[in-house]
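Down below is the structure, laid out as structure tokens.
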Amino acid sequence: MTGPYRRPVPSTWWLHNRAYFLFMLRELTSVFIAAYVILLLILLYRLNAGRDAYESYLRFLGAPGMVIFHVIALAAALFHTVTWFNLTPKVLVVRVGARSVPAPIIAGVNYAAWVVLSALVAWIVLRG
Amino acid sequence: MAGTREPFWWSLFAAGGAVAALLAPVQIALTGIVVARGWAGQSFTYDRALALVSHPLSRLYLFVLISLPLFHWAHRFRFTLIDLGFKWGRALVAGVCYGAAVAGTILAALVLIRF
Amino acid sequence: MTDPTITLEIFRYHPEQDETPSFRRYEIPYREDWVVLDAINYIKDRIDGTLAYRWSCRMGVCGSCGMMINGTPRLSCAAFLREYYPNPVRVEPLANFPVERDLVIALDDFMHKLREVNPWLIRAQERPLSDGEYRQTPDEVAAYKQYSMCINCMLCYAACPVYALEPRFLGPAAIALAQRYNLDSRDQGRSQRQAVLSSEDGIWDCTLVGECTVACPEHVDPAGAIQRAKLASTINWYKRVLMPWGGR
Amino acid sequence: MNEISEHDIIVVGGGAAGLRAAIAAVQTDPGLDVAIVSKVYPMRSHTVSAEGGAAAVIKPNDSLDEHIDDTISGSDWLADQDVVEAFVREAPHELIQLEHWGCPWSREADGSIAVRPFGGMKIERTWFAADKVGFHLLHTLFQTSLKFETIKRYDEWYGTKLLVENGRCQGIVAIELRSGQVRALVANAVILCTGGAGRIYPFTTNGAIKTGDGMAMAYRAGVPLKDMEFVQYHPTGLPGTGILITEAARGEGGILVNKDGYRYLQDYGLGPPEPWPRLRAMELGPRDKLSQAFVHETRKGRTFAGPYGDYVHLDVRHLGEEKINTKIPFVRELAHRYVGIDPVHEPIPVRPVVHYMMGGVHTDVSGATPVPGLYAAGEAACVSINGANRLGSNSLTECLVFGARAGRHAAAFAAQRPPRDRAALVAQARDEAQRVAANFIRKDTGAERVAALRAEMTRAMEEGTGIYRDEASLRKTCDVLRALRDRFPNIRLDDRSLSFNTELITALELDFMLDVAEAVAHSALARTESRGSHQRTDHPRRDDSRFLKHTLAYRTDTAPRIDYLDVVITRWPPAERVYGR
Ligand SMILES: Cc1cc2nc3c(=O)[nH]c(=O)nc-3n(C[C@H](O)[C@H](O)[C@H](O)COP(=O)(O)OP(=O)(O)OC[C@H]3O[C@@H](n4cnc5c(N)ncnc54)[C@H](O)[C@@H]3O)c2cc1C
Ligand code: SF4
Ligand code: F3S
Ligand code: FES
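Protein chains in written order, with the UniProt record's numbering: chain C, 1 to 128; chain R, 1 to 115; chain S, 1 to 248; chain W, 1 to 581.
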């Protein structure tokens, strides 16, 4: 008599199934976003330190390796945006009478806000 | 009572996730690619950047943009480590992750206050 | 023309004889209108009486026939062979649960957790039967109805990697059922369920993988239930911290 | 190994009746220790599959007398009228109690309970929760039962025998599926709530677990089975699987048409088709009449022929998608899943299918059987509210009303704490363990397979005891059943192990089903009249002078002994059953 059998869970479980893999990717987008805000923080620090420090840092950011990193980070950020907006309706259930507001509408409002905000930020930064 | 602090971390995670979802793509595209490749022309010279960042609203904006996504990262990373089998010391994992986010937040405040 | 056949590869484990499980292959007639459960019943009746599994209603409502079918948690009475034919079908017990024998999993853990969330209507004051029913408008019913549809089939637990890694996690169905009562306009027991929900292995363990909702045959959306519980708990927490004088 | 466990009350069965009984018992006397023994986890019980609703008078346009009247005429006057009165009186209380426990009943706009029409009822009084009524009722009861700490459960324990000692029922012998251990579960009172026996037929709405175990256990303990010849065919099951399309589909306005698109029920005394919907008429006639009409249509060649036999169409298209989705969403889901059609756009193929046993363990109005300490309720019992034909939506309510009654009476009985013969009970349980081991687990001779014998039994039941019966076919069925009984000891199992031996369980179930099937066939053979669901082509008339009586079947070593008991008639003298007008 050996009793109930417990199947082991390998630590690579997230590679065995597409949905789990996408979940893991989604979670790891946060690493890229965090890395980006750290780079941004350094940019601000250098800006504060003076013209030379700032410009040398910009040159550092302009190196191909850093640009590749940012392209990847951008892809990660977009993936995060999409997954985040699509999940928002799960957390926020807005009821109007008997029906809750359909998920696509909540997600749609998110996307609209996203477009407006992105345009606003780009305009402020780039207008000069 | 570790359990009772979860709502706090979760709310920072959620706020950070929302900030990142709304702003990270445009920010990365701007400072990481457009500015870095020099495509922004005159708009991001030292003087213009300094003027832009010195505005109190900009600094508030940057503080939020840096701090909250760090908490977002901390929360997700903490659970990712657990999911990957870091079973030992859940408290330690949490301490390191949130600690890093807190440190980043303090640094951001220190940098931004000096403009 | 020979009649078409299909192969089933079935997970076998016998606690009295086996150290580890193995797979056994059965080739059986293929019928367009058969579900996987029909195929398994055919095997049990005609080929191998030793195969153990649970079933009863064969109409997707008793919740007893959940299995991993080609790696996905499904009700075997609602999964048609034609979805897989002519490829073989691999049948395993629901993932993430201890296996009693063959396709039979141990349910004790969920039964315990279900009890923990106090899944019954809690009232400060019971209403006498002679006063008739509580009034509840169709809107108020709609507020919790979805979460009351859970058939306890455990597909969501089999789909949830967090439950796989942390068996103490309260899990999707138990939380959805707690929410079912929390959102019922007749109920006054939210605070009694809160302790369990927001305990160490309650709602906060969930990282919103979301596969529970994908697996759920009843469209309960446990993932949504959990996130809503998180939001509600968080709002409560801030209320308590920021307005300690406010009571509840 | 622990050979014996002791409780005050043991409830066998965790369906609607069993759970209601257990809760009633602990509410009557919170000091009692009550155990529920069930071969499946309670929420898997077949109550879960009931779709349409539960009847009770609640609306101002209704009255108790109307419900009584419908039930008695529906029963073809074979119901005990005092029992029906008690049932109808207590029904609203029970459904309100369910409401107070959280059942998500469907509502009117003002928040009050909504009701729908049902077959054979002349006023709308069927409470519903969309079309998953049994599911909601069962889960509400089960979850509510969790709050009572004095209710203990033996989940996935299979009862094999009642422990009767000194003429009193003192418990049950049960096998734990997980371990295979056999144990005496001893108590002062036992309540059998083991459900129906539709699985004695090949084509049924009933789930795999409805094998009449409790009926057979009581029968073996000397309790008669009452009115077993009355087997209800539901007019609308899906061909092939037998999955039920609820009567609510017709209650909401669905119609039945033959292959010419003609509403054939008007040819069988169920009234003019218009206006529609109309209560107690056409598609809202009683189930026995509708199923019989189908057979006549088939004989006239006016039904469709399909791979799983003849069928007709249930058409709900005119209700529209909105109504279908709010009132009968499960019908849409089932039709889509199991026959691949969408009822919003296409009619549903349906045919009559075995659904419900009107008969069962003989009890009085409090659920007590003739054996002291033994009670029964729900579909397993026959308290006699259904007579020769049950009205749809009366049986869920019956489970609640008589489950509660049995629970309360058993509690009063158990509270006297009569002495128990512990040693004798343990000895009996040991003998039972021996029997199971010797006949099945340790036996390696024999040639018969469980599934093969079962298939022969169900075929014999369909051929001899279907919608229409006659002497010759009934005799043949009785003979086949006897032959199967003789072959049964020659059975051989593939599985000789202890843990989760489901093949052993199916063998024990077959053993029980053979007993129940014999009781059905012999009761039907002896009743030489036609009444309700029991239609004899050789005796086409109702015969009140000889058969205004309940059949009682007693088990003997040979054929069952058949006896009769007068029907209790109070205020409603037998009359003609009139529908459609
Ligand atoms: C598809 C379908 C639809 C229906 N729709 C309606 C409807 O709309 N309205 C209505 O009023 N009625 C309806 N009915 C009838 C009604 O659902 C049943 O009569 C009722 O649910 C029976 O309940 P019960 O508690 O007696 O038995 P069940 O719910 O069948 O429960 C039997 C219990 O006994 C246990 N058991 C059995 N044998 C053993 C054993 N040997 N050892 C241990 N435990 C055992 C089982 O585990 C189970 O827990 C429907 C029936 C079917 C099949
Ligand atoms: S939530 Fe869905 S998947 Fe999970 S147990 Fe309930 S019905 Fe099954
Ligand atoms: S899959 Fe698991 S992690 Fe949460 S969203 Fe569902 S419970
Ligand atoms: S057998 Fe009941 S859900 Fe599949």
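Yeah, the Cβ is synthetic: ideal placement off N, Cα and C, and Gly gets one too. Since this is a predicted model, take the numbers as computed values, not measurements.
Open item on the list: Give me the chain S residues within the contact set of residue 3(C), using Cβ-Cβ distance strictly less than 8 Å, ordered along the chain.
Closed with: 15
Task: Alpha carbon of residue 425(W) to alpha carbon of residue 165(W), nearest angstrom - done: 7 Å
Open item on the list: What would DSSP say about residue 127(W), mapped onto helix, strand or coil?
Closed with: strand
TODO: Give me the Cα-Cα distance between residue 53(S) and residue 91(S), rounded to the nearest whole angstrom.
DONE: 11 Å
- [ ] Step through the CB atoms of chain W and report whether any lies within less than 8 Å of the CB of residue 50(S).
- [x] yes
Open item on the list: Taking 8 Å as the limit between beta carbons, can you name the residues of its chain near residue 23(S), skipping five residues before and five after?
Closed with: 9, 10, 11, 12 and 90
- [ ] State buried or exposed for residue 114(C), treating a residue as buried only when at least 16 other CB atoms are found within 10 Å of its CB.
- [x] buried
Task: Continuous beta strand (DSSP E) stretch holding residue 533(W): start and end - done: Here residue 533(W) belongs to no beta strand (DSSP E), and DSSP marks it neither H nor E.
Open item on the list: Less than 8 Å between the C-beta atoms of residue 34(S) and residue 147(W), yes or no?
Closed with: no
Open item on the list: Contact criterion: CB-CB distance below 8 Å. Does residue 34(S) meet it with respect to chain W?
Closed with: no
Task: Alpha-carbon to alpha-carbon, residue 313(W) and residue 72(W) - done: 30 Å
- [ ] Go ahead and pull the three-state DSSP assignment for residue 234(W).
- [x] strand
TODO: Locate the alpha helix (DSSP H) running through residue 5(S), then write down its first and last residues.
DONE: Careful: residue 5(S) lies outside any alpha helix (DSSP H), inside the beta strand (DSSP E) at 5-12.
Open item on the list: Quick check: the Cα distance between residue 447(W) and residue 514(W), rounded to an integer number of angstroms?
Closed with: 18 Å
- [ ] Pick helix, strand or coil for residue 1(R), following the three-state DSSP scheme.
- [x] Residue confidence is low: residue 1(R) scores 37 on pLDDT, short of 50, so the model does not pin down where it sits. No coordinate-derived value is stated.
Task: Every unbroken alpha helix (DSSP H) inside the segment 389-422 of chain W [4 residues or more] - done: 394-415
- [ ] For residue 44(S), name the three-state secondary structure that DSSP assigns.
- [x] helix
TODO: For residue 15(R), collect the residues of the same chain with a Cβ closer than 6 Å to its Cβ; drop the 5 residues on either side in sequence, then sort them by chain order.
DONE: 68
TODO: To the nearest angstrom, report how far apart residue 119(C) and residue 40(R) are at their CA atoms.
DONE: 15 Å
Task: Continuous alpha helix (DSSP H) stretch holding residue 43(R): start and end - done: Careful: residue 43(R) lies outside any alpha helix (DSSP H) and carries neither H nor E.
Open item on the list: For residue 92(S), would you say it is in contact with chain W, using Cβ-to-Cβ distances shorter than 8 Å as the test?
Closed with: no
Task: Lining residues of ligand 3 - beta-carbon closer than 7 Å to any non-hydrogen atom, in sequence order - done: 156(S), 159(S), 160(S), 161(S), 162(S), 163(S), 171(S), 172(S), 206(S), 207(S), 208(S), 209(S), 210(S), 211(S), 212(S), 213(S), 222(S), 223(S) and 226(S)
TODO: Taking 8 Å as the cut-off, decide whether the C-beta atoms of residue 456(W) and residue 477(W) are in contact.
DONE: no
Open item on the list: Distance cutoff 8 Å, beta carbons only. Does residue 25(C) sit that close to anything in chain R?
Closed with: no
TODO: Compute the Euclidean distance between the alpha carbons of residue 79(C) and residue 60(S), then round it to the nearest angstrom.
DONE: 36 Å
Task: 6 Å CB neighbourhood of residue 375(W) in its chain, flanking five on each side removed - done: 191, 367, 368, 406 and 410
TODO: Could you please give the first and the last residue of the uninterrupted beta strand (DSSP E) stretch that includes residue 268(W)?
DONE: Per DSSP, residue 268(W) belongs to no beta strand (DSSP E) and is neither H nor E.
TODO: Classify residue 228(W) as helix, strand or coil using the three-state DSSP reduction.
DONE: coil
Open item on the list: At a CB distance below 9 Å, what residues from the segment 7-20 of chain R approach chain S? Give them in sequence order.
Closed with: 7, 8, 9, 10, 11 and 14
Task: Contact check, residue 180(W) vs residue 393(W), beta carbons under 8 Å - done: no
Open item on the list: What are the residues in the segment 57-73 of chain C lying within 8 Å of chain S by C-beta distance?
Closed with: none
TODO: Confirm the yes/no value for this check: CB of residue 57(S), any heavy atom of ligand 6, distance under 7 Å.
DONE: Summarising the ligand content, the structure contains ligand 1, ligand 2, ligand 3 and ligand 4 and does not contain ligand 6.
Open item on the list: Using a Cβ-based criterion (distance less than 7 Å to any ligand heavy atom), does residue 399(W) qualify as near ligand 4?
Closed with: no
Open item on the list: Excluding the 5 residues flanking residue 467(W) on each side, which residues of the same chain have their C-beta closer than 7 Å to its C-beta?
Closed with: 233, 291, 292, 295, 352 and 535
- [ ] State buried or exposed for residue 219(W), treating a residue as buried only when at least 16 other CB atoms are found within 10 Å of its CB.
- [x] buried
Task: Cross-chain neighbours of residue 19(C) in chain S, by beta carbon under 9 Å - done: 159, 209, 210, 211 and 214
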